[in-house]
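Chemist: Residue numbers (our numbering): 13 to 208. Pasting a structure below so you can have a look.
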């Protein structure tokens with residue numbers, strides 16, 4: 013039995029293989045699991061709808077990530093309010109684990125990344141979590157490779173400064189859930205299972 017080699021079948025297979033990377037990229041952009049899932053699904057739909065505009069032989073991952081990135085920034089421009097979380101509910105749902113320090117450190121890193129400017133966070137997620145090369149990230153962001161390297165470098169310095177100043181705000185994601193979220197993003201982006 014041979015696989016269907018039609019352009020539509022090939023595109024479908026390649027696009028389906030990108031779904032875990034799309035989810036990881038969306039989580040890095042949004043910083044919120046629900047919004048990230050919505051962005052990844054919307055990106056999948058938009059890529060499928062625009063499949064006739066994709067040129068076979070070019071970088072499908074960069075093409076899809078560009079669609080998602082554009083959608084993310086369009087939604088950010090339209091968003092005019094944020095929903096606040098209930099601090100008491102968050103504090104009451106914390107779960108003790110064997111090594112609470114590691115969980116809290118990972119959660120703090122995740123929250124610190126949310127304070128980065130969008131461009132820096134995007135570059136750091138693409139290179140650090142999604143496993144893209146600087147060249148791939150530059151293609152997806154539509155900027156020179158040097159710009160991506162600079163954004164990643166500035167993002168790392170910014171996170172160091174945030175951590176040193178203990179200026180990381182709280183949010184609605186439980187620290188134990190944040191650890192699982194970060195590990196799953198890294199696992200999907202790199203394709204290798206990570207130990208918890």
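Using N, Cα and C, we set each Cβ at its ideal position, and we do this for glycine too. Fair warning: this is a prediction, and the values are worked out from it, not measured in the lab.
1. For residue 67, is the classification buried or exposed, using 16 other Cβ atoms within 10 angstroms of its Cβ as the cut-off for buried?
2. Less than 8 Å between the beta carbons of residue 138 and residue 149, yes or no?
3. For residue 41, which residues in the same chain have their Cβ closer than 8 Å to its Cβ, ignoring the five residues on either side in sequence?
4. First and last residue of the alpha helix (DSSP H) that includes residue 22?
5. Using C-beta distances below 7 Å, list every residue in its chain close to residue 167, excluding the 5 sequence neighbours before and after it, in chain order.
6. Buried or exposed: which applies to residue 119, given that a residue is buried once 16 or more other Cβ atoms fall within 10 Å of its Cβ?
7. Report yes if the CB atom of residue 72 is closer than 8 Å to the CB atom of residue 27, and no otherwise.
8. Quick one: complete alpha helix (DSSP H) runs, 4+ long, within the region 136 to 198?
Modeler: On the basis of the data shown:
1. Translated into the one-based positions of the chain shown, residue 67 becomes position 55. Taking all protein chains in view, the Cβ of residue 67 is surrounded by fewer than 16 other Cβ atoms within 10 Å, so the residue is classified as exposed.
2. Reading the chain shown from its first residue, position 126 is the one you call residue 138. Reading the chain shown from its first residue, position 137 is the one you call residue 149. Closer than 8 Å, so yes.
3. To locate residue 41, count along the chain shown from 1; it is residue 29. Same-chain partners within the cutoff: 48, 51, 80, 81, 84, 130, 133, 134 and 137.
4. On the chain shown, residue 22 is found 10 positions in, with the first residue counted as 1. Counting along the chain, the unbroken alpha helix (DSSP H) around residue 22 starts and ends at 19 to 29.
5. Here residue 167 is taken as the residue at index 155 of the chain shown, counted from 1. The answer, listed in chain order, is 128, 132, 133, 135 and 136.
6. Residue 119 sits at position 107 when you count from the first residue of the chain shown. Looking at its Cβ environment, which holds 16 or more other Cβ atoms inside 10 Å, residue 119 is buried.
7. For the purposes of this step, residue 72 is identified with residue 60 of the chain shown, where counting begins at 1. For the purposes of this step, residue 27 is identified with residue 15 of the chain shown, where counting begins at 1. Yes, these two residues count as a Cβ contact at 8 Å.
8. 146 to 153 and 157 to 176
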